[in-house]
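Sequential numbering from -6 applies to the sequence shown in our numbering. Virtual Cβ for every residue (Gly too), placed ideally from N, Cα, C. Predicted model, so just to flag it, every value in this text is computed and none were measured. Please read the structure below before turning to the comments.
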Amino acid sequence: MLDIDKNSLTKLLIEKKPKLVLVSCPSGILVKCMNFMNSFAKEHGFKVVFSGEPCYGICDLGEENVRLLGADLSIHIGHSASFEKIGKFTYLIEAFDDIDLIPVLEKAIPKLKGYKRLGLCTIGPHVHKLDSAKAFLFSKGFEVFIGDENPPLKRGQIFGCNFSTCISIYSKVDAFVFIGSSRFHASGLYNSMEKPVYMLDPYTLEVLSIEKEALRIKKHQILNFYRAMDAKDLGIIIGAKEGQFKNEEAFYLYNELNRIGKNVFLVIMREITNDKLNEFQNIEAFIETACPRISDDYFDKPVLSLDYGYMLLEQFKKSRTVKQ
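Written out as structure tokens, the structure is:
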């Protein structure tokens, strides 16, 4: 059961005394958040507007809608960080999941027996249970490490695009244990760490080595890189979301690629989808500077992350030098 942090929310509302509040949350908890906040708004005497836009993390909170509405503040429920406020208007309210982790940890023991030292990590709703999970695994004979807080990440927390808490314990562990149901997070962790990663889903009790899926994503990225090497007309996508806006990096790639003779177009987009990219019929491949995980998806045309974009630039430069 998901438990929204009512105490922090009450404290915030008493302090700010808002009349109009914008609320956003991940789609998976939208109905619960709507019912909770609608009741809460009536109780405390303010109006609430719910965001109908997709929200994938704290990089994607849509503060422009606060300005459009003339709202007093924005509340985001579900994605947490090591701080309480992000941007100019948005306050993060935690949602804790009280599901029992012991059953899936118990089930995982046979698959983890080949490793002595484990790195433990999870997403926001389960962070408060990491110490109890660590104690259980320790009682079964494992050495267990949890990465220190590294803002914006809390202790032991990972994002789909940020695994720095695990980097801090990389040399100490033989494998990583990710508690959660997100293969997206688990596969990203594997491709960042290149050590065994087991996903322990406390809802389905699935215990999964994520290696096969993560390597499929890696192969997909490499294939796209080689496909993009044949492109003459390139598109560089600037992410329009507040936490994904990297115009300096985009302009750098634009200038450098133009300098070596590529035909380059700058594009700004909020949602990067296959249909939208296919509208740019003249562009053969894209480099997206927004979220590094967007390029994991399948598009008709090659779509590279920023890191692969830099690699592509260097490859083009080497090829040009050889030809000269």
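Query: Residue environment, I280, which counts as buried when at least 16 other CB atoms sit within 10 Å; Result: buried
Query: Collapsed DSSP secondary structure at Y191 in the structure displayed; Result: strand
Query: At least 3 beta-carbon pairs within less than 8 Å: the stretch 227 to 240 vs the stretch 278 to 298; Result: yes
Query: Nearest to I202 (by Cα), restricted to the options S161, A101, S185, A221; Result: In the sequence as presented, Ile is not what sits at residue 202; that position holds Ser. S202 has its Cα closest to that of A101, out of S161, A101, S185, A221.
Query: The ligand COA heavy atom lying under 7 Å from the CB of L297; Result: Inclusion of the ligand COA in the displayed structure is not the case, the ligand content being empty and no account of it being possible.
Query: Beta-carbon spacing of F169, C114 below 8 Å; Result: yes
Query: Of the residues D(-4), V296, S44, E46, the one placed nearest G117, counting alpha carbons only; Result: D(-4)
Query: Test item: CB-CB of Y196 and S174 under 8 Å; Result: yes
Query: Spatial neighbours of Y5 in its chain, beta-carbon cut-off 6 Å, leaving aside the 5 residues before and after; Result: Going by the sequence as given, residue 5 is Leu instead of Tyr. Excluding sequence neighbours, L5 sits near Y84.
Query: Proximity below 8 Å, CB of I139 to CB of A88; Result: no
Query: Helix, strand or coil at M222 [DSSP, three-state]; Result: coil
Query: C-alpha distance - I172 paired with D289, whole-angstrom precision; Result: 22 Å
Query: Simplified DSSP state of V14, which is helix, strand or coil; Result: strand
Query: Whole-Å CB distance - Q237 paired with C52, under 8 Å assumed; Result: 5 Å
Query: Coil, strand or helix - V170 by DSSP; Result: strand
Query: Anticipated Cβ contact below 8 Å, S73 with P47, distance rounded; Result: At roughly 18 Å, the Cβ-Cβ gap does not stay under 8 Å, so S73 and P47 are not in contact.
Query: Beta-carbon separation (whole angstroms), K12 vs F39, contact threshold 8 Å; Result: 5 Å
Query: Assigned exposure category for K10 - 16 Cβ within 10 Å defines buried; Result: exposed
Query: Exposure label - D90; buried when at least 16 CB within 10 Å; Result: buried
Query: Buried/exposed call for S32, threshold 16 Cβ in 10 Å; Result: exposed
Query: Rounded separation between E36 and P144 - CA only; Result: 34 Å
Query: Backbone secondary structure at C52 - three-state DSSP; Result: coil
Query: Touching by the beta-carbon criterion (3+ pairs, under 8 Å), the stretch 303 to 310 and the stretch 218 to 227; Result: yes
Query: Minimum C-alpha distance to I68 - residue among V41, R60, L216; Result: V41
Query: Alpha carbon of V200 to alpha carbon of N240, nearest angstrom; Result: 41 Å
Query: Nearest candidate by alpha-carbon position, reference I86, set I160, C26, Q150; Result: C26
Query: Rounded Cβ spacing between M186 and F156 (contact assumed at less than 8 Å); Result: 7 Å
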